[in-house]
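Read through the structure below, which is laid out as structure tokens, and then see the notes.
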Amino acid sequence: MELHHGECGSHSGGRSLVLRAVRAGYYWPTMSNDATRFARQCDKCQRHAQVSKLPPENLKSIKAFSQVTDKKVRGFIWRNIICKFGVPQEIATDNGSQFTSNNFKNYCITWEIKLSFATPRHPQSNGQAESSNKTIIQMLKKRLESAKGKWVEELPGVLWAYRTTSKIATGETPYSLVYGMEAVVPSEVTVKTIRTEHLQYQENEELMKLDLDLLDEKRETARIQNWCYQQDIARRYNKNVRTRTFQVGEWVLRRVLKSL
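Numbering (UniProt numbering), first residue to last: 1 to 260.
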């Protein structure tokens, strides 16, 4: 229950719940069936389940703002990205005024960060962020039925669950791809696992060094697996797509959307 909807749970589906349990060090013979049945019987999972599976994404830094200004965005990039992970090569954003302002553009120029804007009315051009946002919103919905309006307080736990859950595309958790090792989840404090019950600091330090040495290989393997996954998704999608070609001078209907 702690792994599924505890303090840092995300109401994972059966498969993800099993992987979280195994990575945490738990095992019993019928755990796959038990996890699937448990997830299917969860009321919140049934109410807020996703219709289709979304492509897994990279580790995201997220912070809640009452008002998003270019000053707050610059502060977020400094504290949550540059100070933690270094200066990024490129940042993709939508066309909000806080991103298109001269102050923010000059900030990116100072750090030599390439600024890429998504195409208006075309969320696919910023698909990774949009997909992650949708996933996080779904996870928040499952935790807010008894805490309406408190999504800011629930967000850190949701992000923790998202980052420590294995993704289909990579076969790894976002946390492990960044830090080279799996995080100790809250359930391991109440129900001890092998790594928490029999912790030996010297052996643990040696294993951590080995994990860090193999981190580049682990990331490359995840990158290749992610590419194969994307190709498979594209093949399945293209089977149901009808190709339409147009010639110069042909008349077409154009939908005019209301401005925001």
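Glycine included, every Cβ here is placed at the ideal spot set by N, Cα and C.
In this text the structure is predicted, and so the values were computed from the model without any measurement.
Between Gly171 and Ala222 the beta-carbon gap is near 7 Å, inside 8 Å, which marks them as a contact.
In this structure the stretch 160-179 does not touch the stretch 191-200; the number of beta carbon pairs closer than 8 Å is below three. Under the 10 Å beta carbon count, Lys142 is surrounded by 16 or more other beta carbons and is classified as buried. Under the 10 Å beta carbon count, Val248 is surrounded by fewer than 16 other beta carbons and is classified as exposed. Counting of Cβ neighbours within 10 angstroms places Asp213 among the exposed residues, the total staying below 16.
Under DSSP, Phe117 forms a beta bridge with Thr93. Residue burial is scored here from C-beta neighbours: Ser187 has at least 16 other C-beta atoms within 10 angstroms and is therefore classed as buried. Tyr229 and Ile136 do not touch by the CB rule: their CB atoms are close to 20 Å apart, not below 8 Å. Here Asp216 is exposed: its Cβ has fewer than 16 other Cβ atoms, across all protein chains shown, within 10 Å. Per the C-alpha coordinates, the member of Leu144, Thr173, Arg254 positioned closest to Asn226 is Thr173. Ranked by how close their Cα comes to the Cα of Pro120, the residues Asn95, Ala21, Asn240 have Asn95 in first place. Sixteen is the threshold: since fewer than 16 other Cβ atoms of the shown chains lie within 10 Å of the Cβ of Cys83, the residue is exposed. When DSSP states are grouped into helix, strand and coil, Ser12 belongs to the coil group. Assignment of Lys105 by DSSP, reduced to helix, strand and coil, places it in the helix class.
Cβ atoms of Thr100 and Ala118 stay farther apart than 8 Å, at about 11 Å. In the three-state scheme derived from DSSP, where H, G and I count as helix and E and B as strand, Trp28 is classed as coil. Rounded to the nearest whole angstrom, the CA to CA distance from Leu155 to Leu253 is 42 Å. In the displayed model, Ile136 falls within a helix according to three-state DSSP.
With respect to Thr165, Arg20 sits close: the two C-beta atoms are nearer than 8 Å. In this structure, Val87 sits near Ile113, with a CB-CB distance shorter than 8 Å. In this structure, Val68 and Phe104 do not form a Cβ contact; the two beta carbons are roughly 11 Å apart against a cut-off of 8 Å.
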